[in-house]
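Below: one structure, written as structure tokens.
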Amino acid sequence: MTNLKPSSEPSVADSAELLAETSTETGRRPRAGWRMLLPTMTPWLAIGLGLIIAIALFGLIGPHLVGDPRAIRDMGLTGPSAEFWLGTTQTGQDVLAQLAYATRGSLQIGVIVGLLATALSAFFGIYGAYRGRVVDEAFSLFTNVFLVIPGLPLVIVISGFVPAESRGLWTIAIVLAITSWAGSARVLRAQTLSVRNRDYVAASQVSGERPWRVIVVEILPNLLPVIASQFVFAVIAAILGEAGLSFIGLGASNSSTLGTMLFYAQNGFALSLGAWWWFIPPGLIIALFGTGLSLVNFSIDEIINPKLKNLRLHRKRARRAARLERELAQATRRNGGVPTQTAKESAR
Amino acid sequence: MSYFLRKIGFYAVALWAALTLNFAIPRMLPGNPVDILLAKLQQRGGTVTPETREAYALLLGGDDSLPLWRQYIDYLGNLFQGDLGVSVSYYPAPVSEVIAQSLPWTVVLVGLATVIAAVLGVALGAFVGWKPGTWLDSLIPATTLLAAVPYFWLALLLTYLLARVLGWFPLQGGYDVVLTPGWNAEFIGSAITYGFLPALTIVLASIGGWLLGMRNMMVSTLSEDYILTAEAKGLSPRKILRSYASRNAVLPSVAGFAISLGFVVSGSVITEQVFSYPGIGGRLLGAVSNNDYALMQGLFLFITLAVLGANLVVDLLYGLIDPRTRARS
């Protein structure tokens with residue numbers, strides 16, 4: 077049922093050979109052991125980590141530094157000022173204080189849903205593929221069905237049926253997790269299928285290891301970068317999903333997240349009153365956090381898919397060769413067929 | 003041929019799963035939707051006969067007199083007759099009529115925006131992937147920023163900048179309300195003006211995914227032997243890009259089109275809410291806030307059906323354009 081060809085998907089198993097190849101080209105040794113699982117530090121990774129850490133700290137520490145987000149003041153809608161850095165809402169509530177609490181709420185739900193969805197996808201993806209035959213067929217069918225059923229309308233319908241008073245944080249988290257695990261499970265299944273048939277897995281099976289041990293000790297470590305990248309995506313998806321749900325008023329009751337802030341901003345006519353300080357910061361935090369996570373994912377991608385890295389090296393070499401060739405040709409033309417060292421230098 | 007049969011079989015199973023989910027959700031969750039719905043119906047001046055009650059009980063559960071399997075069969079029977087009940091919030095219009103009214107808006111808006119985003123994203127992605135390692139690569143982080151932006155927030159932002167500050171576009175709605183809907187130039191022009199901002203939102207928010215997917219496939223494709231052969235033959239780079247690399251690299255994007263459609267439909271549900279657009283998404287949210295469970299169920303079924311149908315078409319087309327898919331199964 078899968079359209080994505082396994083051959084087109086990056087395979088973790090290829091990485092060792094490719095890394096060896098790269099090292100002979102660059103003359104550097106490949107990094108050893110567990111360090112191979114860590115991404116190299118690039119400017120993009122640094123920016124991504126910086127964004128994540130800054131926003132996480134704001135969510136963790138911020139609520140202790142700001143005042144009461146619900147306190148109503150007799151001043152109405154005011155723009156940013158020295159006292160209220162991000163202005164106030166219609167009822168005089170401090171936007172910055174609300175933002176700090178809302179960031180904490182959003183991060184909380186993102187991590188919970190990320191963990192739940194990753195666990196679900198690991199179970200259906202890895203266990204099904206490891207058992208093979210009927211179990212694999214059934215799990216794979218189940219996964220694909222969940223993949224094609226549109227998630228958000230389903231979430232909306234489920235939230236619509238649950239009365240508002242019993243719609244807590246965990247209800248929303250579970251509903252979001254149930255509708256978001258399928259894509260990762262499918263990728264994990266393809267990866268597990270390729271790892272499962274390796275000799276060392278067969279060896280451990282022959283030596284009488286129990287299935288759960290083979291999965292956890294032999295197979296899982298190979299899939300860790302993939303799972304890490306999927307966890308990161310699951311967190312982004314969860315934060316976005318929850319924000320959307322809260323924005324239409326179907327989020328967890330008595331919780332405050334960035335989505336609820338936007339809901340109140342929209343309902344308080346922030347848009348038509350031009351109160352940009354009310355609705356821009358919450359969305360910006362979601363966008364920046366999501367960008368940070370995606371940037372980290374790019375770096376993880378380089379471990380999962382060494383082709384991306386090696387190809388860049390190849391390209392660089394090809395470009396250098398092309399440039400030299402061009403210079404040589406120019407020099408040849410100018411000097412009537414005799415390329416000399418001075419001509420080559422002047423061509424530069 | 004077995005490829006096509008397998009695909010059709012899979013979508014039949016998926017359809018059955020969606021129908022069953024629709025049957026199970028109201029029965030598994032707390033609350034009694036039938037009573038709420040009937041109370042609303044009476045408020046609107048509808049007469050509640052025992053038959054009406056029975057029909058809603060089949061749709062939403064709550065009728066304990068029949069065994070569950072019997073309810074299930076009757077529910078499926080009602081669905082195949084196209085009977086989705088009467089909408090409470092648009093009383094006395096039946097649910098199917100409300101859906102039929104709002105459908106064209108969403109189909110045109112989401113369909114056009116998705117096609118534009120896909121074509122633009124794939125073309126840009128092919129171009130960026132063709133020259134990896136150049137300054138064009140720095141476009142990638144910019145697109146991830148766009149992909150991480152919540153749809154509805156982008157909608158709010160665009161509305162604020164383009165509609166409120168600059169005043170180029172109307173704030174919300176699907177057409178100028180003084181006009182009567184019809185196939186005349188004035189009305190269509192108004193619909194285009196009103197639809198521009200929602201469409202722009204969907205295109206901007208979804209283009210990043212296309213660009214990135216195509217670019218990554220392009221980078222992998224360039225290391226294939228047939229590209230080397232083509233270069234060795236002395237073909238012009240433009241021809242290699244068009245006839246060799248792009249054609250092979252675009253295949254996963256075509257397959258991804260179907261899956262992304264589900265995401266786009268989801269995203270556009272909330273986007274429609276921001277713009278008060280008279281499409282399916284706006285109706286769904288309206289139904290939720292009005293406790294119009296019959297309309298809610300009908301819309302969910304319809305959206306699922308549309309996404310499944312689009313997936314099926316793309317899958318069948320995929321079997322045609324990539325013969326390897328057929329050979330493998």
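As you go down the protein sequences, you meet chains A and B in turn.
Residue numbers for the first sequence follow this note's numbering, beginning at 77 and rising by one.
Residue numbers for the second sequence follow this note's numbering, beginning at 3 and rising by one.
The beta-carbon is built from N, C-alpha and C at its ideal position, and this holds for glycine as well.
Everything numeric in this text was worked out from a predicted model, so none of it was measured.
For residue 126 of chain A, count neighbouring Cβ atoms within 10 angstroms of its own Cβ and tell me buried if that reaches 16, exposed if not. Around the C-beta of residue 126 of chain A, fewer than 16 other C-beta atoms lie within 10 Å, and the residue is accordingly described as exposed.
Does the region 161-168 of chain A come close enough to the region 221-233 of chain A to have 3 or more Cβ pairs within less than 8 Å? Taking 8 Å as the limit for Cβ pairs, the verdict is that the region 221-233 of chain A does not touch the region 161-168 of chain A.
Flag this pair as yes or no: are the beta carbons of residue 228 of chain B and residue 237 of chain B separated by less than 9 Å? Cβ distance not < 9 Å, so residue 228 of chain B and residue 237 of chain B don't count as in contact.
Measure the C-alpha to C-alpha separation of residue 213 of chain B and residue 244 of chain B and round it to an integer number of angstroms. Rounded to the nearest whole angstrom, the CA to CA distance from residue 213 of chain B to residue 244 of chain B is 16 Å.
is_contact[residue 342 of chain A, chain B] using C-beta, thresh 9 Å: Taking a beta-carbon distance threshold of 9 Å, residue 342 of chain A counts as an interface residue toward chain B.
With 16 other CB atoms within 10 Å as the buried threshold, where does residue 118 of chain A fall? Classification for residue 118 of chain A: exposed.
Amino acids of chain A, ordered along the chain, whose beta-carbon sits closer than 8 Å to that of residue 166 of chain B: Result: 347, 348 and 350.
Taking the C-alpha atoms as reference points, what is the distance between residue 234 of chain A and residue 253 of chain A? Cα to Cα, residue 234 of chain A sits roughly 13 Å from residue 253 of chain A.
Strictly below 9 Å CB to CB, what residues from chain A border residue 278 of chain B? For the C-beta of residue 278 of chain B, not a single chain A residue is nearer than 9 Å; the gap to the nearest is close to 11 Å.
Exposure of residue 425 of chain A, with buried meaning 16 or more beta-carbon neighbours within 10 Å: An answer regarding residue 425 of chain A cannot be provided, because it is not within the stretch 77 to 424 covered by chain A.
Closer than 8 Å by C-beta to residue 332 of chain B: which residues in its own chain qualify, once you throw out the five before and the five after it? Chain order, please. Summary: the structure shown does not reach residue 332 of chain B, with chain B confined to residues 3 through 331, and so no result is reported for it.
N-terminal and C-terminal residue of the alpha helix (DSSP H) that residue 298 of chain A is part of: For residue 298 of chain A, the enclosing alpha helix (DSSP H) begins and ends at 296-323.
Using only alpha-carbon positions, find the residue among A:166, A:136 and A:142 that is nearest to residue 148 of chain A. Cα-wise, what sits closest to residue 148 of chain A is A:166.
Quick check: residue 249 of chain A and residue 314 of chain A, are their CB atoms within less than 9 Å of each other? Between residue 249 of chain A and residue 314 of chain A, the C-beta spacing is below 9 Å.
Step through the CB atoms of chain B and report whether any lies within less than 9 Å of the CB of residue 236 of chain A. Chain B, which has a Cβ nearer than 9 Å to the Cβ of residue 236 of chain A, makes this yes.
When the Cα atoms are used, what is the spatial distance from residue 276 of chain A to residue 360 of chain A? Computed Cα separation, rounded: 48 Å.
C-beta neighbour in chain B for residue 162 of chain A, strict 9 Å: No, its Cβ sits nowhere closer than 9 Å to a Cβ of chain B.
Is residue 358 of chain A close to chain E? Criterion is C-beta to C-beta, closer than 9 Å. No chain E is part of this structure, whose protein chains are labelled A and B.
For residue 420 of chain A, I'd like the list of residues in its chain whose CB is within less than 8 Å of its CB, leaving aside the five on either flank, ordered along the chain. Unreliable positioning characterises residue 420 of chain A in this predicted model, as indicated by a pLDDT of 42, which lies under 50. The coordinate reading is nonetheless provided below. Closer than 8 Å at the Cβ level, and outside the excluded window around residue 420 of chain A, lie 403, 404 and 407.
Identify whether residue 324 of chain B lies in helix, strand or coil by the three-state DSSP scheme. Looking at residue 324 of chain B - three-state DSSP - the assignment turns out to be coil, as it is neither helix nor strand.
How would you list, in chain order, the residues of chain B whose beta-carbon sits under 8 Å from the beta-carbon of residue 186 of chain A? Within 8 Å Cβ-Cβ: nothing; residue 186 of chain A doesn't reach chain B, min ~12 Å.
Which residues of the region 306-330 of chain A have a Cβ closer than 8 Å to any Cβ of chain B? Give them in chain order. If the cut-off is 8 Å between Cβ atoms, the region 306-330 of chain A has 312, 316, 319, 320, 323, 324, 325 and 326 near chain B.
At a Cβ threshold of 9 Å, is residue 73 of chain B touching chain A? So no, residue 73 of chain B is outside the interface.
Any C-beta of chain B under 9 Å from that of residue 362 of chain A: Answer yes: the Cβ-Cβ gap between residue 362 of chain A and chain B drops below 9 Å somewhere.
Residue range of the alpha helix (DSSP H) that includes residue 258 of chain A: Start and end: 258-272.
Helix, strand or coil for residue 107 of chain A, going by three-state DSSP, please let me know. No answer about residue 107 of chain A holds up, because its pLDDT of 49 lies below 50 and its placement is not dependable.
Whole-number beta carbon distance between residue 259 of chain B and residue 316 of chain B, since they are thought to touch under 8 Å: Contact flag correct, Cβ pair sits at about 6 Å.
Pull up the DSSP beta-bridge partners for residue 172 of chain B, would you. Partner(s): none; residue 172 of chain B has no beta bridge.
Starting from the Cα of residue 199 of chain A, find the closest Cα among A:187, A:308 and A:212 and give me that residue. Looking from the CA of residue 199 of chain A, the closest CA among A:187, A:308 and A:212 belongs to A:212.
Could you name the residues that DSSP lists as bridge partners for residue 164 of chain A? Note: residue 164 of chain A is bridge-paired with A:170 in the DSSP secondary-structure output.
Inter-residue Cα distance where the pair is residue 107 of chain A and residue 376 of chain A: Because residue 107 of chain A carries a pLDDT of 49, less than 50, the predicted location of this residue cannot be relied on, and the following value inherits that uncertainty. Straight-line Cα distance between these residues: approximately 15 Å.
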